[in-house]
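Sequence positions in the sequence shown follow the UniProt record's numbering and run 1 to 329.
Just so you know, even glycine gets a beta-carbon here, dropped at the ideal spot from N, CA and C.
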Amino acid sequence: MHLLVGPTGHITHAGPTIAKLRAEQSLIGQRFLEVFAINRPRAVASMQDLAANVRKKLHLELRDARRTSLKGIMVPLPEDPDSMILNLSFGISIVDAVRDYSLTNADFAATDLAIEMLYLVEAKTAAMAASRRLNMSLQGAKIAAEEQAFTDTLTGLKNRRAMDTVLARMIAGGGSFAVMHIDLDYFKAVNDTLGHAAGDHVLQEVARIMVDETRESDTVARVGGDEFTVILPNIAGYQTLQRVGERIIERLEVPVPFQGQECRISASIGTVWIRAGTPAQAEEVLADADVALYASKRAGRAQQTFYAPELRRAANAEGPPAGRDSRAG
């Protein structure tokens with residue numbers, strides 16, 4: 001960017017880039033000091049003062065509303081020492097100038113350091129955009145990995161790790177909640193007679209039914225081959241739990257069709273209700289739900305049993321329960 005200033009202090013020529021800064025009116029013919037304010041050196045108030053500071057760095061700004069800052073050096077013209085040529089640059093304000101005046105690299109000489117600064121700014125902008133995209137991608141991958149770590153791949157339900165996390169949160173919160181252990185009756189027979197593909201299909205159908213019969217705030221988890229756990233927060237009484245259990249048992253007794261065959265199962269449920277403010281430990285809550293589940297199995301299956309201390313005493317008197325294989329049948 002450059003200007004020519006005549007002996008009277010009037011601008012006699014303006015380069016195309018500086019002209020863009022005052023596109024609404026021509027700079028030619030205007031008094032230099034009426035267009036530009038000299039901030040440094042502070043003593044410059046006239047053309048005589050300006051002539052005394054040739055070849056010195058000047059700090060200027062346009063007097064219009066944008067107050068664009070510039071830097072420059074003024075030197076006499078060799079063929080006309082009474083006239084001055086002023087070489088201008090934006091300095092560190094180049095980014096604002098490019099934005100405010102829609103400048104491009106065509107507005108600067110190839111050797112102008114402004115080009116290097118523009119390249120650096122462009123490179124920084126591109127790097128920051130790439131960094132944001134990478135961060136978003138990593139964040140998405142992290143969320144997906146965390147979700148996968150807490151999800152049972154076959155049914156899409158939560159897994160045991162997720163169930164443990166939710167149960168710990170329920171206990172720490174001190175509110176009322178319930179835990180249902182649900183074990184499928186006769187599931188082993190489905191696998192043995194119709195194959196594992198049929199068993200997988202049944203498990204997926206069971207998962208869908210359990211989600212249908214519980215609330216969005218409830219957690220349904222598959223914690224074993226044919227074992228499920230439901231955690232239900234904010235439970236006011238046994239009636240709610242009784243209705244949920246009855247609906248699950250009723251729907252799971254409906255045969256599940258698979259490749260022209262019918263898969264027949266049922267469900268046994270053991271339920272523990274923890275009242276608000278009751279101290280609890282996760283291991284004890286799960287153990288109590290398991291005791292109640294075994295009581296349902298021993299009572300004939302396809303029913304729900306609520307935990308009570310006498311169930312544990314009865315279970316201890318009868319000895320350890322049968323293994324998982326016999327219970328699954």
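In its own chain, which residues sit with a C-beta less than 7 Å from the C-beta of alanine 149, not counting the 5 before and 5 after it?
-> Arg161
Taking the alpha-carbon positions, what's the alanine 287 to glycine 195 distance?
-> 31 Å
Which residue or residues does DSSP assign as beta-bridge partners of histidine 196?
-> Partner(s): none; histidine 196 has no beta bridge.
Go to residue 345, then tell me how far its alpha helix (DSSP H) extends in each direction, as first and last residue.
-> The requested residue 345 does not occur in the structure, where the chain is confined to residues 1 to 329.
Using only alpha-carbon positions, find the residue among Asp200, Ile73, Leu103 that is nearest to valine 54.
-> Ile73
Exposure of glutamine 259, with buried meaning 16 or more beta-carbon neighbours within 10 Å | exposed
Environment of aspartate 192 [buried if 16+ CB atoms lie within 10 Å] = exposed
Nearest CA to the CA of glutamate 227: which residue from Lys188, Tyr238, Glu262?
-> Of the candidates Lys188, Tyr238, Glu262, the one whose C-alpha sits nearest the C-alpha of glutamate 227 is Lys188.
To the nearest angstrom, report how far apart methionine 180 and threonine 229 are at their CA atoms.
-> 5 Å
Okay, do the segment 160–175 and the segment 201–216 touch, 3+ Cβ pairs below 8 Å being the bar?
-> no
Do you know offhand how far leucine 241's Cα is from asparagine 135's?
-> About 44 Å.
In terms of residue numbering, what span does the alpha helix (DSSP H) encompassing aspartate 183 cover?
-> Element bounds for aspartate 183: not the alpha helix (DSSP H) but the beta strand (DSSP E), 177–185.
Can you tell me whether alanine 322 is buried or exposed, with buried defined as 16 or more other CB within 10 angstroms of its CB?
-> Note on alanine 322: pLDDT 48, under 50, position unreliable in the model; no value is reported.
Expressed to the nearest angstrom, what Euclidean distance is found between the alpha-carbon atoms of glycine 237 and threonine 151?
-> 30 Å
Please specify which runs of the alpha helix (DSSP H), each continuous and at least 4 residues long, are wholly inside the segment 39–67, giving them in chain order.
-> 47–51
Decide if aspartate 212 is buried, meaning its Cβ has at least 16 other Cβ atoms within 10 Å, or exposed.
-> exposed
Got a sec, what are the start and stop residues for the beta strand (DSSP E) lysine 71 sits in?
-> 69–77
Using the C-alpha atoms, what's the distance from glutamate 79 back to isoleucine 28?
-> 20 Å
Cα separation between threonine 68 and valine 166?
-> 59 Å
What does a CB cutoff of less than 8 Å around glutamate 34 pick up in its chain, not counting 5 residues either side in sequence?
-> Arg63
Report all residues from its chain with a CB closer than 8 Å to the CB of serine 266; omit the five preceding and five following residues, and keep chain order.
-> Leu184, Asp185, Tyr186, Ile249, Leu252, Glu253, Arg301, Ala302
What does a CB cutoff of less than 8 Å around lysine 158 pick up in its chain, not counting 5 residues either side in sequence?
-> Phe150, Thr151, Asp152, Val166, Thr219, Val220, Ala221, Arg222
Secondary structure of alanine 82, DSSP reduced to three states = The sequence shown places aspartate at residue 82, rather than the alanine named in the question. In the three-state reduction of the DSSP assignment, aspartate 82 falls in the strand class, which pools E and B.
Looking at histidine 59 and asparagine 39, is the spacing between their C-beta atoms short of 8 Å?
-> yes
Determine the closest residue to glycine 224 out of Lys124, Ser83, Leu154, with distance taken between C-alpha atoms.
-> Leu154
Skipping 5 residues on each side, what residues in its chain have a beta carbon closer than 8 Å to that of glutamate 205?
-> Val256
Start-to-end residues for the alpha helix (DSSP H) that takes in serine 296 = 282–298
Output the distance between the C-alpha atoms of valine 5 and threonine 125, rounded to the nearest integer angstrom.
-> The straight-line gap separating the alpha-carbon atoms of valine 5 and threonine 125 is approximately 38 Å.
Tell me whether glycine 270 sits in a helix, a strand or coil according to DSSP, three-state version.
-> strand
Identify, in the order they occur along the chain, each residue of the same chain with its Cβ nearer than 7 Å to the Cβ of arginine 324, setting aside the five sequence neighbours on each side.
-> Low confidence applies here, because arginine 324 scores a pLDDT of 41, under 50, leaving its location unreliable; read the following figure in that light. Around arginine 324: no qualifying Cβ.
Which class does isoleucine 248 belong to by DSSP, given the choice of helix, strand or coil?
-> DSSP places isoleucine 248 in helix when its eight states are reduced to three.
State buried or exposed for threonine 8, treating a residue as buried only when at least 16 other CB atoms are found within 10 Å of its CB.
-> exposed
Helix, strand or coil at arginine 161 according to DSSP, with G and I counted as helix = helix
By how many angstroms is the C-alpha of serine 83 removed from the C-alpha of serine 26?
-> 19 Å
Own chain partners of aspartate 290 with C-beta closer than 8 Å, once the 5 adjacent residues on each side are dropped | His181, Gly270
Just curious, the beta strand (DSSP E) that valine 5 is in, first and last residue?
-> 2–5
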